[in-house]
Ligand SMILES: NC(=O)c1ccc[n+]([C@@H]2O[C@H](COP(=O)([O-])OP(=O)(O)OC[C@H]3O[C@@H](n4cnc5c(N)ncnc54)[C@H](OP(=O)(O)O)[C@@H]3O)[C@@H](O)[C@H]2O)c1
C-alpha cells in the first residue's frame, strides 16, 4: 500500500489504517469475541501496509489495548499505534438502554496516570500517536494538552492528536504543543468537518483520521432496517439508525452501491476512495474484525475515482438524523 506522512512532520503510515474498536467494544456486544480472528486481522492489516492501528483505553475498557498488545507481541515495530485518553467508563451499565455510561476526564492527573497503563497493556515503551478522545468541558484544553505533552517529553509518546474538536480548540492546543493529527467522524454521510476543520488541517500540516468512515457499516449496505442491528449494539442508540431515519437514509447507501457497481468496485472501496481523494493528509481508519472485509477495505488504496464519480458522490444529500 502507498504511504503518506501523518501531518507535515508525523510518522509514515499506509494511506488506509485499521480501527480496532469493534473487536472489543461498542458493536454487537452480545456476540462472543473471536480473539484469534481479530489478531489475524491485525496481522493481515500490517501485511497489506495498513500500518496505523487505532485504539483507546476506554475501548473495553482496556481490553482493546490488551488485544492489540497481544497481536503486536514480537512485531511491535511494524505498527504505528494510535491510542487515546480522556474518556472514562463510570458505570458499565448506567447509560441509555443499559449501555456503558462514559464521561470525559481531561484532568492532568488523569492523563499522567493513564499513559503508563496504556503502554503496559500495549506491551510497548512508547506509542506513536496519543490522542485526546474528547475535550473535557470542565478542564481548559491547555491543561490537558500540557499533561499529554509531558508524555512526549518523557519519551512515552512521539506525537499528539485530538478527536472531535473545533478549529478554536486545535489552535489553543497548538499554542502549547504541536497537533500532529485530528480524528473526527468523516464519511459520505458525516461531512460537518468539511466546513472548517479539514481546510484548517490542510493549511496547517495536520493529518486527519476519518473515524467511522463506512458510516458504522451503513454506507456499505449492512443495515436496511433497525431490526437488523444486533441486540447489544451502540448503533441502536444513535439517531441516524432509528427506524424512520434509517429508512429515509437508504438512498445514500443505494447511491454508494450504484457507483460501486458502475466501476466494478465494492461499496466499502468507494466510500474509502472518496475519503482518500479529499486530500493526501487524510488517512481513514475503517473498523473490522472480519478478514474478507479487511482485504476489501485495503483494495480502496488503489481505486482512483473519476471526477464524474466524485461529483456523483458529492451530490449525496445530508442524512436524516444527528450523528449522536
Ligand atoms: N474518536 C472517536 O470518538 C471514535 C468514534 C468511533 C470510532 N472511532 C475509531 O474509528 C474506527 C472505525 O469506526 P467504526 O468501527 O465506528 O465504523 P466503520 O469503520 O465506519 O464501520 C465499521 C462497521 O463496518 C463493518 N465493515 C467494515 N468493513 C466492511 C466491509 N468492507 N464490508 C462490509 N462491512 C464492513 C464492520 O463489520 P465487522 O466489525 O463485523 O467486521 C463494522 O460493523 C473504530 O474502530 C475506532 O478506532 C473513533
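Residue numbers (UniProt numbering): 1 to 324. C-beta: ideal position from N, C-alpha, C; glycine also. This structure is a prediction, so every number in the text was calculated from the model and none was measured.
Where residue 212 is concerned, there is no enclosing beta strand (DSSP E), because DSSP gives it neither an H nor an E.
Put simply, the backbone Cα of residue 110 is about 19 Å away from that of residue 159. In the DSSP annotation of this structure, residue 139 is not part of any alpha helix (DSSP H), being labelled neither H nor E.
Taken from the Cβ of residue 71, every heavy atom of ligand 1 lies 8 Å or farther away. Listed as beta-bridge partners of residue 81 by DSSP are 53. Counting only unbroken stretches of 4 or more residues, the alpha helix (DSSP H) elements lying wholly within the region 166-199 are 167-174, in sequence order. Around residue 237, the same chain offers 96, 97, 99 as residues with beta carbons nearer than 7 Å, after the five sequence neighbours per side are excluded. Pairing residue 6 with residue 151 gives a Cβ-Cβ distance that is not under 9 Å. Within the chosen limit of 8 Å, ligand 1 reaches the beta carbon of residue 183 through at least one heavy atom.
Between the beta-carbon of residue 318 and that of residue 239 there is about 13 Å, and that puts the pair past the 8 Å contact cut. When rounded, the separation of the alpha-carbon atoms in residue 203 and residue 178 is 14 Å.
In the structure shown, residue 289 adopts coil according to DSSP, grouped into three states. The C-alpha of residue 310 lies about 42 Å from the C-alpha of residue 155.
Cβ-Cβ separation between residue 210 and residue 275: approximately 5 Å, consistent with a contact (criterion under 8 Å). Taking 8 Å as the upper bound for CB-CB distance, residue 120 and residue 142 are not in contact here, some 28 Å apart. DSSP places residue 64 within a helical segment (H, G or I) once states are collapsed to three. Taking the C-beta atoms as reference points, residue 226 is found no nearer than 9 Å to residue 217. When 184, 35, 17, 25 are compared, the shortest CA-CA separation from residue 92 is found for 25.
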